[in-house]
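In mature numbering (1 follows the signal peptide of the UniProt record, and there is no 0), the protein residues as written are -20 to -1, 1 to 644. Heads up, the beta-carbon is just placed ideally off N, CA and C, and yes, glycines get one too.
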């Protein structure tokens, strides 16, 4: 009996064990199966997988071991799906809404199109969602039910509508570079946990809500390139934690609060360019002691540039161009002296202001790291600024559009990092210096509208990188009535003239001035003025001008577009491949946008080997996006009809937007 009882007990125990296993399996299998089927539906929605990212997604491997999938070890439920920057093409399957345990979902930097599935808004465990840099469109669904969502990145798509419904615990919201419209909802300020808020490059209108003062932890506020109006938002002055504040390219106006720097002591990035601000730049910016980048260009600021800016020891960029700043005496120029304390300064532009007189020698005390110095379009006078000799790492130097006199100094040839040098529209005299040949990195040289005399140095021909050489109308025998060409006369009875002519032509072979055709020469033994020999070099004319049409700014727009295409393709409009009906514009048009990576300068899309593969590919994708935008501007500038071309103001705004998008 005891043995029989024991046997029955074992049978019952075994039955219970089997039942327990069955019950356990019935509790977990459906969930696991749901996740697996949801992943397979996602795979089926992918039309192109160039990197074979989904190659492991098959029955030979448990789905928790599939590439890009992470599961909970206790329940085998999907918690993380990471397919950022994999080149995937297709649509985001609504089946991802069935992954109810997922916490992190990254599909950024792919080529997903269509809508964002509303089902993603029901993932109550979701913490981070990255869908940026795709081609998603339509209205953003509600995410109010994602109570654990902390990071939502939807920037770089084609999304429409206004701000979506959002959870109150959100910390980062990125909506930039879409087509959003409407106004900023005051209810956004109810998300008091926000540390990063970006909706730049959209069509948001109206004012900043007063409720913005309620963000106690906000560090990044990116609102550039919208249609925001009104005065400087006073609510911002309460955001003492703010590190990056970008309100560029809006329609804001009025004066900047004098206590801006004191109210925002942690500020590092301040971008206010392309607005309608006026008044003085607040000296209190010095109280934001960690400021690194200041861009207040293209406004209507007046007065003296405050010398207190020199207290910003970490400042690396200061752009105050296109304003109305004045400097008439040594005291007004004190800001240059004070900037000598900014040992990390890499870029300084006061281009197109109302600065007058001699540039102080203290310019030479600026940081040895300075790479960009733009002083053009002011009323500066005197000799070539001697302090520039100390700026050994200069890459861009702009002095054009002033009243400088005297000779160009020989030491300029020692600044061998120079890539762009604009000296045009001044009163420089003497010969064009032959030592320019030492500037082997030079790609853009502007010398026009000065008082140079003599021959064009043959040494200029060795500058292989020179994209655009704006030659002067040289003094010797130059005509004041020929704005459409440059001419050079040679007297053959002069000793060595034949050799001089050959040398000059060899130098001119390297010269391009927005040409669409190779340099043409019209030669005759006796010209109409009785000279023995004349070589006439025609500059490029747009089609309407060559046909006898009136000169207009549209011709300059056309020329600028050609230069853009030439630079980024690294092809000259005069290359042999461009003949008959094929020209550089047509070449870009027929390859745009799908085949652009195959025709542009390959060095522009080189992956950075020192970075991790994901970051390197992401940077490459971002570079391509910006390159496509630039080439599109080139095409818009070179439309056959002048009436179809965009104006230079729009060109400037678009290029500025591309630059900001690239560095942001």
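Bounding residues of the beta strand (DSSP E) (the contiguous stretch that carries residue i)
i, result
"residue 106", "From DSSP, residue 106 is part of no beta strand (DSSP E); its letter is neither H nor E."
"residue 304", "304 to 307"
"residue 352", "352 to 354"
"residue 131", "131 to 133"
"residue 578", "Not the beta strand (DSSP E): residue 578 falls in the alpha helix (DSSP H), residues 576 to 579."
"residue 51", "49 to 51"
"residue 341", "Unbroken run through residue 341: none, as it is neither H nor E."
Residue nearest to residue i in terms of C-alpha spacing, selected from the options
i, options, result
"residue 219", "131, 233, 210, 247", "247"
"residue 254", "245, 233, 387, 240", "233"
"residue 260", "137, 268, 238", "238"
"residue 20", "129, 398, 559, 73", "73"
"residue 639", "18, 275, 96", "275"
"residue 60", "99, 108, 39, 69", "108"
"residue 257", "286, 213, 264", "213"
"residue 296", "110, 303, 272, 104", "272"
"residue 733", "294, 284, 289", "Any property of residue 733 remains undetermined from this structure, which presents the chain solely from -20 to 644."
"residue 381", "210, 35, 401", "401"
"residue 183", "169, 191, 190, 229", "229"
"residue 338", "307, 332, 31", "307"
"residue 132", "181, 120, 154", "154"
"residue 78", "98, 134, 252, 435", "98"
"residue 608", "576, 58, 387, 386", "576"
DSSP three-state assignment for residue i, whether helix, strand or coil
i, result
"residue 540", "helix"
"residue 435", "coil"
"residue 14", "helix"
"residue 190", "helix"
"residue 273", "strand"
"residue 155", "coil"
"residue 200", "strand"
"residue 610", "helix"
"residue 226", "strand"
"residue 401", "strand"
"residue 119", "strand"
"residue 185", "strand"
"residue 282", "strand"
"residue 249", "strand"
"residue 79", "coil"
"residue 331", "coil"
"residue 391", "helix"
"residue 701", "Only positions -20 to 644 of the chain appear in this structure, which leaves residue 701 out of reach."
"residue 636", "helix"
Residue i to residue j span [Cα, whole Å]
i, j, result
"residue 394", "residue 443", "15 Å"
"residue 562", "residue 262", "54 Å"
"residue 486", "residue 417", "Summary for residue 486: the model assigns pLDDT 45, below 50, so the residue's position carries little reliability, and this model does not support an answer."
"residue 404", "residue 359", "14 Å"
"residue 634", "residue 127", "38 Å"
"residue 165", "residue 223", "23 Å"
"residue 330", "residue 356", "8 Å"
"residue 151", "residue 446", "48 Å"
"residue 313", "residue 392", "24 Å"
"residue 12", "residue 56", "7 Å"
"residue 301", "residue 348", "22 Å"
"residue 430", "residue 298", "29 Å"
"residue 541", "residue 106", "47 Å"
"residue 46", "residue 535", "58 Å"
"residue 84", "residue 62", "8 Å"
"residue 625", "residue 336", "36 Å"
"residue 31", "residue 69", "11 Å"
"residue 10", "residue 75", "Bear in mind that the predicted position of residue 10 carries a pLDDT of just 48, short of 50, making it unreliable; the figure below should be weighed with that in mind. If you take the alpha carbons of residue 10 and residue 75, they lie about 15 Å apart."
"residue 287", "residue 316", "8 Å"
"residue 611", "residue 42", "46 Å"
"residue 217", "residue 249", "15 Å"
"residue 278", "residue 24", "50 Å"
"residue 368", "residue 265", "27 Å"
"residue 196", "residue 16", "42 Å"
Residue i Cβ short of 6 Å to the ligand MG heavy atom set
i, result
"residue 559", "Among the ligands in the structure shown, none appear at all, so the ligand MG cannot be discussed."
The alpha helix (DSSP H) enclosing residue i, as first and last residue numbers
i, result
"residue 240", "240 to 243"
"residue 569", "564 to 571"
"residue 315", "314 to 318"
Integer Cβ distance of residue i from residue j, believed to fall under 8 Å
i, j, result
"residue 116", "residue 93", "7 Å"
"residue 188", "residue 160", "About 16 Å; that fails the 8 Å criterion."
"residue 142", "residue 125", "That pair is no contact at about 18 Å."
"residue 280", "residue 304", "6 Å"
"residue 173", "residue 144", "With a Cβ gap of about 17 Å, residue 173 and residue 144 do not count as contacting."
"residue 269", "residue 292", "7 Å"
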